[in-house]
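Novice: If you read the sequence shown in my numbering, its first letter stands for residue 885, the second for the next number, and so on.
Even glycine gets a Cβ: it sits at the ideal position worked out from N, Cα and C.
My structure is below; once you've seen it, I'll send some questions.
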Amino acid sequence: MSEKADLKDFDVRELILGLAKNFAAKCDEENNELCFDIPESSGRGYVKATLFSHGVGILDIDFQLEEPLSIELSRSTIQPLRMIFNRESTIGHRFSGKEEPMDIHHLESAIISANTRNNTILNLPANTPICIFNLEINRKVFEEKIEDFLPSMNIDLEQLFRDVNGINLFYHKSHYSLDISRAIEEIIECELIGFTRSVFLEGKVYEILSHRLRQYLDDLSSPGKRKILRQTTVKKIEEAAEIIKAELENLENILSLARRVGLNQNTLQSGFKHLYGSSVNTFIRNAKIEKAKELIETTDLNITQITYRIGINSRSYFSKLFKNQYAMSPREYINKVRKSTSSTSQTA
């Protein structure tokens, strides 16, 4: 493997063939898919490319290298529009002739277009998991598909797609959404074959493209007005849910919880609605009642002790919530569970 690869920046077919040559690896081709494994002498993993109609293609890179690799995508008459989704370790990115680094971190996506003066350069570190999903569009060919839609597009998107020869340098980066993450996983894990596989993959690719373009427009809004849930935000919301479950007895207010996980209160609320189908308060209430049920089943605590253990100060309020959830009072459930346990013990 050469430590530097100069690849033709035309489409994903040219990219994967250039990478295979750099690794001295054999590239297998079947229908519209190409794939090669990284030789053991260079590391482990694979590179896969899939081509679709109208100049659209994807490149799936999942490997770990023994030595760092710098990839420079050389200038061509057609500069593709590239959308990189980084699923693992940070990768280096910059444009040739410019010293400013534009690294792409875990769960970030960058929309990139080089121009006739500045090449795209990717620097991939050694001994680190590299997992990149790259969606690439030849805008000259793709123009035929979207020509009728361009006049009604947002002006920023219209300019981006009309720049078919890549005259303007373009770079936009943000954390990608949960919907995009799920669609990428469905592509990578797809076990279909033949025509049904091709149709399924192409549909998912356009789903990703649609989500990414919507998110680009959403990114132009101020953070407080964004409507699309990013993958990093999901992790923070899940962290908040775990805190709620672990600290029911001494749970802080919602504002404190939001600050603790690094979100504003509105984002936390909308995130819980999206992930769990409820407000934060409803999630907390349900978590408390589920914990109370567990304590009844696994301890000898009385109702008052359980009430305080889950952070509720009113026994009557707790009883009301429990009955709404399980169609019986806490006392009735205690009698039912402990009578059953007692009978089992006597039989044994």
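Could you check the C-alpha separation between Asp-1047 and His-1059 for me, to the nearest Å?
Specialist: Their backbone Cα atoms lie some 25 Å apart in a straight line.
Novice: Exposed or buried, what is Ile-942 when buried is set at 16 or more other beta-carbons lying within 10 Å of its beta-carbon?
Specialist: Buried, by the Cβ-count rule.
Novice: So is Gln-1230 buried or exposed if we call it buried at 16+ other beta carbons inside 10 Å?
Specialist: Confidence at Gln-1230 is low in this model, with a pLDDT of 48, below 50, so the placement of that residue is unreliable and no value is reported for it.
Novice: I believe Ala-1010 touches Glu-972 by the beta-carbon criterion, under 8 Å. Please report the beta-carbon distance rounded to the nearest angstrom.
Specialist: Their Cβ separation, rounded to whole angstroms, is 14 Å, which puts Ala-1010 and Glu-972 out of contact at 8 Å.
Novice: So, Ile-1064 versus Ile-1128, is the Cβ gap smaller than 7 Å?
Specialist: Not in contact: Ile-1064 and Ile-1128 (Cβ atoms no closer than 7 Å).
Novice: Glu-1133 to Tyr-1055, Cα distance in whole Å?
Specialist: Distance between the alpha carbons of Glu-1133 and Tyr-1055 is about 47 Å.
Novice: Give me the residue from Ile-975, Thr-961, Leu-891, Leu-953 with the minimum Cα distance to Gly-902.
Specialist: Answer by Cα proximity: Leu-891.
Novice: Less than 7 Å between C-beta atoms, sequence neighbours within five positions excluded: which residues of the same chain meet that for Leu-1179?
Specialist: Excluding positions up to five away in sequence, the list reads Leu-1185, Ile-1190, Arg-1193.
Novice: Which of the three DSSP states is assigned to Gly-976 in this structure?
Specialist: If DSSP states are grouped into helix, strand and coil, Gly-976 belongs with the strands.
Novice: Which of the three DSSP states is assigned to Phe-1292 in this structure?
Specialist: The structure shown does not extend to residue 1292, since the chain spans only 885 to 1232, so no value can be given for it.
Novice: For Ala-994 versus Lys-1057, is the C-beta spacing smaller than 7 Å?
Specialist: The answer is yes: Cβ separation under 7 Å.
Novice: CA-CA distance, Ile-900 and Ile-968?
Specialist: Rounded to whole angstroms, Ile-900 to Ile-968 spans 15 Å at the Cα level.
Novice: Give the straight-line distance between the Cα atoms of Gly-1155 and Gly-927, rounded to the nearest whole angstrom.
Specialist: Answer to the nearest angstrom: the Cα atoms are 39 Å apart.
Novice: Cα separation between His-989 and Asn-970?
Specialist: When rounded, the distance between both Cα atoms is 7 Å.
Novice: Taking 7 Å as the cut-off, decide whether the C-beta atoms of Gly-1245 and Ile-1021 are in contact.
Specialist: Outside the shown range of the chain, which is 885 to 1232, sits residue 1245, and nothing can be said about it.
Novice: Can you tell me whether DSSP reads Gly-1078 as helix, strand or coil?
Specialist: It is helical.
Novice: Check whether the region 1144-1160 and the region 1109-1121 touch, using three or more Cβ-Cβ pairs below 8 Å as the test.
Specialist: A contact exists between the region 1144-1160 and the region 1109-1121.
Novice: Taking the CB atoms as reference points, tell me whether Leu-935 and Asn-916 lie closer together than 7 Å.
Specialist: Yes.
Novice: If I measure Cβ to Cβ from Asn-1199 and keep anything under 7 Å in the same chain, skipping five residues before and after, which residues do I get?
Specialist: In the sequence on display, residue 1199 carries Arg and not Asn. Same-chain partners within the cutoff: Ile-1187, Thr-1188, Thr-1191.
Novice: Looking only at C-alpha atoms, which of Phe-1206, Leu-1205, Glu-1181 sits nearest to Lys-1220?
Specialist: Per the Cα distances, Glu-1181.
Novice: According to DSSP, Leu-953 sits in a beta bridge with which residue or residues?
Specialist: Partner(s): Leu-1008.
Novice: Rounded to whole angstroms, what is the Cα-Cα separation between Gln-1115 and Lys-888?
Specialist: Answer to the nearest angstrom: the Cα atoms are 32 Å apart.
Novice: Under 7 Å between the Cβ atoms of Ile-1077 and Lys-1024?
Specialist: Not in contact: Ile-1077 and Lys-1024 (Cβ atoms no closer than 7 Å).
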